[in-house]
Amino acid sequence: MKETLRLSFRKGDLWAIVLVILLALLTVGLWGRKVVSDTAGTVQIYQNNQCIMEYSLFQDALIPVEGEYHNIIQISGGKVAIVESNCPGEDCVHSGWIKSPGRSLVCLPNKVEVRLVGKEDEVDFIVR
Amino acid sequence: MKRRVSFLLAVILFLSGCGQTQQETEKKQYTATFLTLFDTVTTIVGKAENEESFQQEAQAIHDQLQEYHQLFDIYQEYEGIANLKTINDKAGIEPVKVDSRIISLLQDCRKIYEVTEGKVNVAMGSVLALWHEARDYGRNNPKEAKLPDKEELDEAAQHVDFEKIIIDEKNSTVYIEDSRIRLDVGAIAKGWSVQQVAEKTREGLLLSVGGNVCATGPKDEKGNPWVVGVENPEGEGDYLHTLYLTKGSIITSGDYQRTYQVEGKMYHHIIDSQTLFPADYWRSVTVLCDDSGIGDALSTALFVMSKEKGQQLLEEYDAEAMWVDGEGKIYYSPGFKKQIRT
C-alpha cells in the first residue's frame, strides 16, 4: 500500500507532460493564426471597399497600389503611411504615419483605404 | 495514473473550449468604408452575426445615401434625375420639378438661414464656386496656386439672396429667380442625408459621412454607448477627448479640412459670408446635437461666429459644442462635459 501511494516520477508522466505542452503549443498556434487578421498588428489595404492586400505591421514593406492614381504605402518600424501619391492635393501623404489599431489612412481620389485592424482603447470611431 | 491523465485532459478541454464559446455568443463589430459619396469618406460601424450580413446591411445604407448624394450634387448630372445642378442650370429660366427630398432639404435650409441670420446660406454657391475652382486648380498645380479674384468675389456676393429661391411645395418645384445665384448645400447636405437614412435604419449602427457621425442607438444589446474619439488637429494621433454617444450626432468642422496652399499659407473651405474669405475664428468646432442635419449646419454656423453668438444659437436647438481656438485653447458649452468620457 505504502509503495503505490508514493508520488514518484514515472515514464508515463513524462509523456503526459510532453503531450500537454504539444497540445498547448498547437492550440496557441492555431488560434493565433485564426485571429491574425482580427487583431492588432495587421495592415489591410482596401480599394473600392474590397480588401485587396493584407500585411503585418511588423514587417517593413513598400507597397505600390495602382488605380486611377498611384500610391506607395510604406510599412516601417510598426508604423504605416502613404509616402507617395500623384493625386491632386496629396492629402493622403500629408496625413502622415499611423500606428494604433482602429486608425486608417485614405486616398480619396485613388479610392484606397489603409486600415490598421483592431480597436484601440475601445474607441469605436474617430473624427477629425 | 489513469485519474491523473483524465484530469489533464479535462484541463486541456477546458482551456481550448473557453475561447470558442466566447466567440460564438458575442457578435463581432465590423466597419465598412465607402469612398464615392459626397466627395468624402463614408463609414458604417455595427455589430453583426458575420461579415457577410454586415456587408449587405452596409451596402443597403450606402445605396440610400447614394440617392441623396445624386439629388444634392451640384457638379454632375445623372440620367433621369433632376438634381440641384439642374436647378442651378435653370436659374433665371424656369422652375424645375424635383424629388420631394430636395424640397424638404431646401425648406430646412431656409429655417437655418433665418435662425443663423444668413451665416449658413446655401444660396452662396456663386461665391463658393470661385473658391472651389481656385482650390481645384491650386491642388492640381501647386506652383501656380492662386486665391480667387477679389473683384469676382465681390461681384458674386451680390447674388446670394436666399429669398430669390422659390420653393413651391405644392407643385414640388424649385426656381431661382436671379440667374446668377447658385445653390451649394455643402454645409448641410451630408448631415441632413445621414439623419434621413439613420431614421429609417435599425438601432445599433454608427453612420459617418465626412465627419458627420450619427448613432442610431446603443452599440449593443446591453445598451452600451458608442465611444467616439475627437482627434487633436495639432497632435499626432492623440485625442482632444473621447465622447459617449448613444443616439444622436457629433459633427466637427475644422480649418484643416478641404484645404489648399497659396504661397505657403493654408486656405480652408468654410467661407465667412462677411469677408468672403475662409473664416478664422476657430481651428475647430465640434457640435453634439440630436439631429445630424441641424448639427451639420450648426457646426458651420459656429465656425463663422464668436463663442457668445454660437452659444445663443446652440440654445435654440438644445445642442452642445466644443470650440478650439488658434492657440489650441478649448472652450465648452455648459452641457458638453456630460458627454466626455476621457
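Heads up: the sequence lines are chains A and B, in that order. Each residue of the first sequence is one higher than the one before, starting from 986 at the first, in our numbering. Each residue of the second sequence is one higher than the one before, starting from 27 at the first, in our numbering. Cβ coordinates follow ideal geometry from the N, Cα and C atoms, glycine included.
Legend entry - Given B/Trp157 as reference, the closest of B/Ala182, B/Arg127, B/Glu334 once Cα atoms are compared: In the second sequence, the residue the question calls residue 157 of chain B occupies position 131. Selection B/Ala182, B/Arg127, B/Glu334 evaluated against B/Trp157 yields B/Ala182 as nearest (Cα-Cα).
Legend entry - Coil, strand or helix - B/Gly151 by DSSP: To locate residue 151 of chain B, count along the second sequence from 1; it is residue 125. The answer is helix: DSSP assigns B/Gly151 an H, G or I state.
Legend entry - B/Phe60, DSSP secondary structure in three states: Here residue 60 of chain B is taken as the residue at index 34 of the second sequence, counted from 1. B/Phe60 falls in the strand class under three-state DSSP.
Legend entry - Close beta carbons around B/Phe40, own chain, < 8 Å, minus the five adjacent residues each side: Taking the first residue of the second sequence as 1, we reach residue 40 of chain B at position 14. Per-residue confidence for B/Phe40 stands at a pLDDT of 46, beneath the threshold of 50, marking its modelled position as unreliable; the derived number appears in the next sentence. Hits under 8 Å: none found.
Inset, instruction - Could you tell me whether the Cβ of A/Ile1111 comes closer than 8 Å to any Cβ of chain B? - result: Stepping through the first sequence from its first residue, residue 1111 of chain A is reached at position 126. Contact of A/Ile1111 with chain B is assigned, a C-beta pair being separated by under 8 Å.
Inset, instruction - Determine, using beta carbons only, whether B/Asn6 comes closer than 8 Å to chain A. - result: The requested residue 6 of chain B is not part of the displayed model; chain B covers only 27 to 368.
Inset, instruction - Return yes when at least one heavy atom of the ligand SAM lies under 7 Å from the C-beta of B/Lys216, else no. - result: Ligands displayed in this structure: none; no statement on the ligand SAM is therefore possible.
Legend entry - Where A/Asn1056 falls: helix, strand or coil (DSSP): The sequence position of residue 1056 of chain A within the first sequence is 71, counting from 1. Strand at A/Asn1056.
Legend entry - Neighbour flag for A/Tyr1031 against chain B, beta carbons, 8 Å: As a first step, residue 1031 of chain A must be located in the first sequence, where it is residue number 46. At least one chain B Cβ lies under 8 Å of A/Tyr1031.
Inset, instruction - Helix, strand or coil for A/Phe1110, going by three-state DSSP, please let me know. - result: Walking along the first sequence from the start, residue 1110 of chain A turns up at place 125. A/Phe1110: strand per DSSP, three-state reduction.
Inset, instruction - Ignore the nearest five residues each way along the sequence and tell me which others in B/Ala160's own chain have a CB closer than 7 Å to its CB. - result: Taking the second sequence and counting its residues from 1, one reaches residue 160 of chain B at position 134. Once the five neighbours on either side are set aside, the close Cβ partners of B/Ala160 are Lys172, Leu173, Pro174.
Legend entry - Segment contact flag, the region 300-308 of chain B with the region 208-220 of chain B, C-beta cutoff 8 Å, min 3 pairs: no
Legend entry - Bridge partners - B/Asp187, DSSP secondary structure assignment: Here residue 187 of chain B refers to the residue found at position 161 when the second sequence is read from its first residue. According to DSSP, B/Asp187 bridges with nothing at all.
Legend entry - Proximity to B/Ile202 [Cα-Cα], best of B/Glu120, B/Glu260, B/Val146: Mapped onto the second sequence, residue 202 of chain B falls at position 176. Minimum Cα distance to B/Ile202 is reached at B/Glu120.
Legend entry - Presumed contact (8 Å Cβ cut-off) between B/Asn166 and A/Pro1094, rounded CB distance: Position 140 of the second sequence, counting from 1, holds the residue named residue 166 of chain B. Position 109 of the first sequence, counting from 1, holds the residue named residue 1094 of chain A. Actually they do not touch by this definition, with Cβ atoms about 11 Å apart.
Inset, instruction - Please list the partners that B/Ala58 has in chain A, where partner means a Cβ-to-Cβ separation under 7 Å. - result: The sequence position of residue 58 of chain B within the second sequence is 32, counting from 1. The contacting residues are Asn1034.
Legend entry - is_contact[B/Glu83, chain A] using C-beta, thresh 8 Å: Within the second sequence, the letter at position 57 stands for residue 83 of chain B. Cβ-Cβ to chain A under 8 Å: no for B/Glu83.
Legend entry - Residues that B/Tyr286 contacts on chain A, provided the C-beta gap is smaller than 9 Å: For the purposes of this step, residue 286 of chain B is taken as residue 260 along the second sequence, with counting starting at 1. Chain A residues near B/Tyr286: Gly1074.
Inset, instruction - Would you tell me roughly how many angstroms separate the C-alpha atoms of B/Ile356 and B/Ala86, rounded to the nearest one? - result: Along the second sequence, one-based indexing puts residue 356 of chain B at 330. Along the second sequence, one-based indexing puts residue 86 of chain B at 60. Rounded to the nearest angstrom, the two C-alpha atoms are 39 Å apart.
Inset, instruction - Measure the CB-CB distance between B/Leu271 and B/Trp252 and report whether it falls below 8 Å. - result: As a position in the second sequence, residue 271 of chain B is number 245, starting the count at 1. As a position in the second sequence, residue 252 of chain B is number 226, starting the count at 1. Yes, the pair counts as a contact, with Cβ atoms nearer than the cut-off.
Legend entry - Pairwise C-alpha distance: B/Trp218 and B/Leu131: Your numbering for residue 131 of chain B matches position 105 in the second sequence. Your numbering for residue 218 of chain B matches position 192 in the second sequence. Roughly 7 Å separates the two Cα atoms.
Inset, instruction - Check whether the Cβ of A/Leu1093 lies closer than 8 Å to any Cβ atom in chain B. - result: Here residue 1093 of chain A refers to the residue found at position 108 of the first sequence. Answer yes: the Cβ-Cβ gap between A/Leu1093 and chain B drops below 8 Å somewhere.
Inset, instruction - Report the neighbours of A/Ile1006 on chain B: residues whose CB is nearer than 8 Å to its CB, in chain order. - result: Counting from 1 along the first sequence, the entry for residue 1006 of chain A is found at position 21. Near A/Ile1006 there are no residues of chain B at all, since even the closest Cβ is about 11 Å away, more than 8 Å.
Legend entry - Own chain partners of B/Thr62 with C-beta closer than 7 Å, once the 5 adjacent residues on each side are dropped: Within the second sequence, residue 62 of chain B is the residue found at index 36, counting from 1. Result list for B/Thr62: empty, nothing under 7 Å.
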